[in-house]
Each structure stands twice: as structure tokens, then as C-alpha cells.
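Read the structure below first, then the notes.
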Amino acid sequence: MDLKMILRRLLIGISVTSLSTFLFWIQFPPFETLESKLLDLRFKVRGVIKAPEKVVIAAIDEQSIEKLGRWPWDRTVLASLVDKLAAANAAVIAFDVILSEQERNDPALAASIQQAGNVILPIVFDFSGKNAAVTDSTLQLSAFQQVLKQEKFNRFAPIEARKVLLPVPSLRSAAMSLAHINMFPDSDGTLRWETLAILYDSLLYPSIGLQAAAAYLGIPADRLAVSATESVSVGKTSIPTDHWGRTVINYYGPGMTFRHFSIIDIIDGKIPSDQLEDCVVLIGATAVGIYDLRVTPFAAAMPGVEKHASVIASILDKRFITKTATPSNIAILWLTGLLCSFLVARSKLVGVVSVTIIAPILMTGIGLLLFKQWGIWFNLAYPLNNVLFITAAITAYNYAVEERHARKIRAMFSSYVTQTIVNELIKNPDMAKLGGEKREITVLFSDIKDFTSFSEHHTPEEVVGLLNEYLTAMTEVILQHDGTLDKFIGDAIVVFWNAPVKTVRHAELAVKCALAMQKRVCELQDKWQTEGKPILESGIGINTGEVVVGNIGAEGKKMEYTVIGDQVNLGSRVESQTRKLEVPILITDGTLQALAPAIEAGTMNGVMIEGLASVIVKGRETPVELYSVNNLPEPELPAMIIPCPEMEPVLLTEK
């Protein structure tokens with residue numbers, strides 16, 4: 001494969017990678033969706049992580065609803081639950097249920113919350129309508145007190161809410177803090193991101209998972225810090241975020257991965273205190289009828305409270321999903337793109353197919369390994385599609401080039417050789433070096449004896465009709481013997497072997513073709529005699545030697561794939577000696593030498609080769625021996641070779 005072709009293919013790969021980089025930069029939606037699905041795949045391949053014992057779910061489940069009645073329950077039930085959890089020394093109690101409507105027994109619940117001193121209540125932000133600021137000291141004290149690098153928000157503004165739904169005043173004033181429970185599923189409905197900070201009325205508010213984890217670690221609100229567009233700090237723990245303050249939820253598994261206790265069992269005292277002591281207890285719904293189910297990478301329906309549990313656990317375990325930064329993803333895209341382009345540019349079809357299959361498998365495998373072992377999430381969708389696009393583009397280019405080359409070969413060789421050889425040349429274009437090369441070939445010249453005299457004594461219609469019949473029959477024989485039909489020169493035929501398709505049997509094929517041609521001439525003679533037409537005879541000369549073979553002619557005007565050289569001229573002169581020596585076929589000693597392997601192998605059985613004369617050709621010092629070729633009576637007989645008689649070489653002057 002020439003360097004020019006490789007460079008063109010590399011340029012295609014670079015162009016495709018540039019396009020993929022642009023698509024990555026604009027976050028092309030179909031690829032973003034694919035990457036989200038690939039993230040889900042990573043979770044499923046990684047499997048379930050053992051959940052920490054310190055994160056517990058107090059479940060509003062079917063069992064509790066059956067005994068306590070339909071949800072929502074009276075506030076005294078929740079007060080009793082908080083009392084039981086506080087008595088068991090739960091470290092943090094976080095509600096995942098909205099308590100925004102006033103009820104008769106709110107004071108009882110407020111008293112229990114106040115007494116526990118470690119309760120976090122949820123708020124829900126609304127992003128529609130007009131701004132409606134709410135002044136509340138508990139709310140404001142729950143906001144981040146440290147916001148670093150705020151100037152970066154000028155480019156990537158945090159998610160901003162317009163309204164907020166708060167717990168009733170008595171409850172929120174009794175709570176330790178407030179935190180939002182907003183969830184933002186992706187376009188396909190799957191919940192993959194936790195929004196750690198939401199902007200409302202110029203303050204940033206944490207999610208309930210973040211707030212609960214910080215409370216468990218004993219980190220007050222004034223030590224929670226947001227580093228704009230980069231991370232959220234919980235004490236010494238840094239949680240990686242994207243530009244909008246979101247972090248990838250590191251799901252520990254599907255539903256029931258964390259310890260669940262039915263609320264009715266907790267209230268009834270059936271759960272030992274040591275099962276709840278020093279734990280973060282999330283109070284949330286798992287009953288299907290309450291409709292707090294979310295689509296996650298692990299399940300199509302998982303209680304939302306399980307998501308909060310995964311966020312808390314990942315912070316406590318410092319087990320985060322780290323998404324590689326944009327520069328790193330672009331570097332991976334170009335590295336894989338250039339490597340793929342280089343491999344595909346130098347490969348044939350099998351290599352291209354191998355790269356197309358192996359590269360995606362390898363990249364996906366590396367992506368899965370990094371995610372499973374270290375929680376690293378690098379973008380796979382763009383590199384994978386880039387590899388496929390590169391191989392498709394280069395394959396399409398190869399097809400166009402090969403098809404153009406195939407048309408060129410068909411146009412050039414379809415008149416010279418059989419369709420089988422044309423197809424072989426298309427499959428292996430290197431077999432035909434059109435620019436020219438030196439190669440040993442066997443050339444055959446055939447001519448009709450006394451054709452000039454025949455033409456003078458017959459009408460043009462008779463001459464053309466008989467000549468066409470003769471040439472058609474000879475062409476069929478030539479093509480049957482895989483000869484390359486060079487040209488017709490009036491009544492003469494020029495044929496050669498070993499180009500464009502190489503064959504070590506070129507001399508054998510030429511001699512067998514000559515014998516078959518003479519046999520066909522005899523059949524034509526019988527036919528012409530029956531029809532009362534003139535009888536034509538032909539002579540054939542064969543020579544083997546090194547010539548120049550290639551596409552020769554006027555560039556852009558008329559080109560022919562042909563052979564030139566002294567050995568070709570010798571073949572023409574040998575044919576002319578068939579009249580003088582009165583034999584139908586003559587070969588040179590060069591052809592006889594080339595026949596040696598075939599004779600030894602027995603593939604020339606039934607042939608007699610008889611030396612007739614030694615001639616000196618003008619311009620040559622070494623005499624050339626001429627041999628006649630005939631069939632033996634029995635085709636099974638070994639080839640018979642009769643050497644040339646010892647005599648003075650004759651000067652060959654006639655062409």
C-alpha cells in the first residue's frame with residue numbers, strides 16, 4: 001500500500017475525529033443518551049456494593065399501611081416514630097415525606113422533633129412561575145455558608161428555584177435543619193444525578209442526602225462549602241460535581257440493598273435498639289401505592305428514599321463516581337481516533353473488520369474496569385462512535401477507490417483476458433503493475449499464411465467474414481488457456497502469459513494453447529471445405545524471455561496493456577520461420593528451458609518437441625535454437641525431445 005493512500009486515509013480519520021470533537025463539545029443529544037445508557041451498563045456490570053450498616057430506612061411499607069391506615073398518617077404516629085428512634089440513639093433522622101400542611105396534632109410532632117434534636121425535614125423547590133421569596137431563619141441557616149470561587153457561576157449558573165414548599169412553621173422551627181429532596185431525572189426518565197446545591201433567593205441549599213451525611217459526621221452548616229462548578233466539601237471530604245453542582249449518584253444496588261425496617265415494627269418495639277443506634281435513619285415510602293418510585297440504572301421502579309440512602313452512604317464511605325473532565329475526554333477521543341485511523345489506514349478488509357470489532361470491545365472493557373475498580377467514568381459514547389465512523393468512512397473511501405480501480409481494470413483487461421482473471425486482478429490489484437515492470441513472459445505470435453494473396457483474390461465481404469470466424473475461434477482457445485490477448489494486427493494474433501496474473505506454467509500454457517489452436521484450425525478447415533470456402537493455414541511462433549510489461553500509450557488518450565522488448569521481437573521472427581521450415585508451430589530454446597519443470601512433472605505428456613535449426617538473430621551473438629511441436633500418437637506417452645542437429649547457425653533476416 002503506497003504512502004499517499006495511507007496519508008489520505010489518516011486524513012479521513014482526523015476529519016472524522018474533528019467532527020466527533022465538535023459533537024462532544026455541543027453535547028450531541030443521541031450520543032449523550034447513549035453515554036447515559038453506557039453508565040447504566042457500568043452499574044449493572046459492577047454489581048451490588050455492600051451497603052453500610054449505619055444507613056437505615058424506616059419504611060412506610062404495605063405492612064405499616066395495613067395496620068396504621070392509609071397514608072398520610074396522623075402526626076402522633078410520626079411523633080411516636082421519632083420518639084422511638086431517639087430512644088434508640090439514632091444519630092440522624094431524615095424525613096423523605098413532605099409535611100407542608102398543618103394538622104391538629106402538629107404540636108405533638110414538633111415536640112418530638114425538638115426533643116430528638118437531630119431531625120432534618122425536607123423542602124421542595126419549584127422552578128416555575130414568578131419568584132416568591134420566603135424569609136425563614138431555619139431555612140436560611142440550612143443554606144451553605146461558604147461558597148468559593150463564586151465568579152465561576154458567571155459562566156455556569158447553578159440550578160435556580162423560584163419558589164419553595166416548606167414544612168409547617170412549628171415543625172421547621174423544631175427541626176435541626178432543612179434540605180431539599182428535588183430529583184431531576186434525565187430525558188429518558190432515569191435518575192442518575194444528585195443536585196447537591198440549588199440556588200434560591202441568593203442562597204445555595206443542600207440536598208437531604210448531603211445534609212444528613214454532614215450531620216452524621218458532626219459537621220455543622222458553616223463548615224459545608226461549595227466550590228463553584230467543581231466540588232462540595234463536607235469537612236475534609238470533597239465530593240466531585242459538574243458545573244451545575246450535580247454529582248453522579250453512586251447507587252449501591254437495586255431496592256432493598258439497604259437495611260429496611262417497617263415503621264410499625266419500630267413503633268411496636270420489635271426492632272432492637274442496637275439495630276438503630278448511631279445510624280442515619282431515613283423515613284420514606286416504599287409502598288407502591290404512594291407512588292414514590294424512580295427509574296434507576298439498577299431498576300425500573302425503586303423507592304426514592306433508596307436514592308437518598310445511596311447518596312448518604314457514598315459520602316460516608318467516600319465512594320464517589322468521578323467523571324473525567326472535558327480535556328481528558330477529548331484527549332481520549334483523539335488518542336483512540338488517531339490510533340484507530342493509523343491501524344485502519346494500513347489494513348485491508350480483514351484488518352478493518354478486526355479493528356471495528358476489537359477496538360470497541362477493548363475500550364468498553366477498559367471503561368468497565370475503571371468504573372468497577374476506581375469509580376472512574378470516562379466518556380465512551382463518542383470514542384466508540386468515532387471508531388465506527390472512522391472505519392465506515394475509510395471503508396467507504398476504500399470501496400470508492402477500489403471500485404474506480406476495478407472499473408479501470410475491467411476497461412483495460414476485459415478485452416485481453418477471461419472474466420475470471422479480471423476478477424482476480426480486481427481482488428489483487430498489486431498483480432498488475434500498470435506503471436511497467438520487467439518480467440519473464442511467454443509470448444505467442446500467430447499469423448495466417450499467404451493472407452495477402454488471399455485478400456487480393458477475394459471480395460472484402462469474404463475476407464472479413466472468414467477472418468472474423470477464424471479470429472473468434474482462436475480467441476476462444478486463447479482465453480480457455482488463460483492467455484492475455486494483446487492485440488490483433490490484421491490477421492496476426494499476439495498473446496502472452498505470466499502477465500498481468502503471474503503463473504509459473506506460462507510456457508506450458510502457451511504450448512498447449514498453440515496445439516489447441518492448430519487443432520481448432522483443422523476443424524475450421526474441414527468446415528470450410530464442406531462449405532466450399534477457401535482453406536486457411538496458420539503458423540505459430542513462441543518465445544520465452546524477459547520483457548517490459550505495462551500500460552503503454554498516450555496518457556489520457558489511448559493506453560494498452562502490452563509487452564515490449566527484444567524477446568517479443570524474437571517471438572515475431574520465430575513465427576515467420578514456420579513458412580520456411582514448413583511446420584505449424586515453432587518454439588525457441590528459451591521456451592524449451594521454461595518447459596523443463598512441466599516435462600519432468602509429466603504435464604507435457606503426449607507432446608513431441610523436435611529441434612530443427614539454429615539461427616542467429618540480428619543484434620544477438622548467441623544462436624537461437626528452434627523446435628517444432630507436435631502431438632504424439634498417444635497422449636499418455638512421455639514428452640519426446642529431439643535435440644537440434646549439429647549444423648552452422650543460419651542468419652535470420654526475415655521478420
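UniProt numbering puts the first residue of the sequence shown at 1, with every later residue one more than the last.
Here a beta-carbon is modelled for each residue, glycine too, at the ideal position from N, C-alpha and C.
Taking the beta strand (DSSP E) that residue i belongs to, which residues open and close that run?
i: Lys438; result: 437 to 448
i: Met608; result: 607 to 617
i: Phe488; result: 484 to 489
i: His180; result: 177 to 180
i: Lys163; result: 163 to 165
i: Glu575; result: No beta strand (DSSP E) contains Glu575, which is instead part of the alpha helix (DSSP H) from 566 to 581.
i: Ile49; result: Note, Ile49: premise wrong, no beta strand (DSSP E); not H, not E.
i: Pro206; result: 203 to 206
i: Leu121; result: 119 to 126
By the DSSP assignment, the alpha helix (DSSP H) with residue i in it spans what residues?
i: Arg465; result: Correcting the residue type first, residue 465 is Gly in the shown sequence and not Arg. First-last of the alpha helix (DSSP H) with Gly465: 460 to 480.
i: residue 660; result: Limits of the chain in this structure are 1 at one end and 655 at the other, which puts residue 660 out of reach.
i: Thr452; result: 451 to 456
i: Asn89; result: Careful: Asn89 lies outside any alpha helix (DSSP H) and carries neither H nor E.
i: Gly532; result: Unbroken run through Gly532: none, as it is neither H nor E.
i: Lys270; result: Here Lys270 belongs to no alpha helix (DSSP H), and DSSP marks it neither H nor E.
i: Met5; result: 3 to 25
i: Arg172; result: 169 to 174
Using a threshold of 8 Å, state whether the C-beta atoms of residue i and residue j are closer than that.
i: Leu109; j: Leu78; result: yes
i: Ala507; j: Thr591; result: yes
i: Phe144; j: Ile198; result: no
i: Phe445; j: Ser628; result: no
i: Ala91; j: Cys279; result: yes
i: Ala175; j: Thr135; result: no
i: Val45; j: Lys372; result: yes
i: Val494; j: Lys502; result: no
i: Thr296; j: Tyr251; result: yes
i: Asn105; j: Arg75; result: yes
i: Thr324; j: Ile264; result: no
i: Ala345; j: Ile6; result: yes
i: Ala594; j: Thr544; result: yes
i: Val353; j: Ile394; result: no
For my contact list, residue i and residue j are in at a C-beta cut-off of 8 Å; report their separation, rounded to the angstrom.
i: Leu196; j: Ile239; result: 7 Å
i: Pro623; j: Tyr561; result: The pair is not a contact, with the Cβ atoms about 32 Å apart (cut-off 8 Å).
i: Pro383; j: Thr336; result: 5 Å
i: Gly436; j: Gly550; result: 3 Å
i: Leu333; j: Thr33; result: Actually they are not in contact, since the Cβ atoms of Leu333 and Thr33 sit about 18 Å apart, beyond 8 Å.
i: Glu277; j: Asn89; result: 5 Å
i: Val548; j: Lys438; result: 6 Å
i: Val216; j: His180; result: A small correction: the amino acid at residue 216 is Tyr; Val does not occupy that position in the sequence shown. With a Cβ gap of about 18 Å, Tyr216 and His180 do not count as contacting.
i: Phe298; j: Gly253; result: 6 Å
Checking the sheet assignment: what are the DSSP bridge partners for residue i?
i: Gln146; result: Ala225
i: Trp193; result: Val248
i: Val521; result: According to DSSP, which records beta bridges pairwise, Val521 is partnered with nothing at all.
i: Trp377; result: Lys323
i: Glu604; result: The sequence shown places Met at residue 604, rather than the Glu named in the question. In the DSSP output, where bridge partners are listed per residue, Met604 has none listed.
i: Thr237; result: Val234
i: Leu293; result: Pro303
i: Trp497; result: Thr442
i: Ser628; result: Leu586, Glu610
i: Arg259; result: Val56
Please work out which residues of its chain come closer than 8 Å, Cβ to Cβ, to residue i, disregarding the five sequence neighbours upstream and downstream, and give them in chain order.
i: Pro107; result: Ser170
i: Val617; result: Leu570, Arg573, Val624, Leu652
i: Asn631; result: Leu515, Gly606, Val607, Met608
i: Phe342; result: Leu10, Gly13
i: Val387; result: Thr336, Gly337, Cys340, Val355, Thr356, Ala359, Pro360, Met363
i: Leu293; result: Ala301, Met302, Pro303, Gly304
i: Val563; result: Ile441, Val443, Asp486, Phe496, Ala499, Val547, Val548, Val549
Using a Cβ-Cβ cutoff of less than 7 Å, which residues in the same chain neighbour residue i once the five nearest sequence positions on both sides are dropped?
i: Lys655; result: Low confidence applies to Lys655: its pLDDT is 46, below 50, so where it sits in the model is not reliable, and the reading given next is rough at best. Same-chain partners within the cutoff: Ser572, Arg573, Ser576.
i: Leu38; result: Leu380, Ala381
i: Ala213; result: Val234, Ile312, Ile315, Leu316
i: Asp491; result: Asp447, Ile448, Phe451, Leu467
i: Ala473; result: Arg520, Leu524
i: Ser112; result: Ala79, Val82, Asp83
i: Arg223; result: Gly235
i: Pro649; result: Ser614, Val615, Ile616, Pro623
Using a Cβ-Cβ cutoff of less than 6 Å, which residues in the same chain neighbour residue i once the five nearest sequence positions on both sides are dropped?
i: Gly367; result: Leu380
i: Cys644; result: Gly611, Ser614, Glu625
i: Ser142; result: Ser177, Leu178
i: Ser15; result: none
Using 8 Å as the limit for Cβ to Cβ distance, is residue i near chain C?
i: Thr452; result: Checking the listed chains, one finds no chain C in this structure; it contains a single protein chain.
Please determine whether the Cβ atom of residue i lies at a distance below 7 Å from any heavy atom of the ligand GTP.
i: Val147; result: This structure lacks the ligand GTP, and indeed carries no ligand of any kind.
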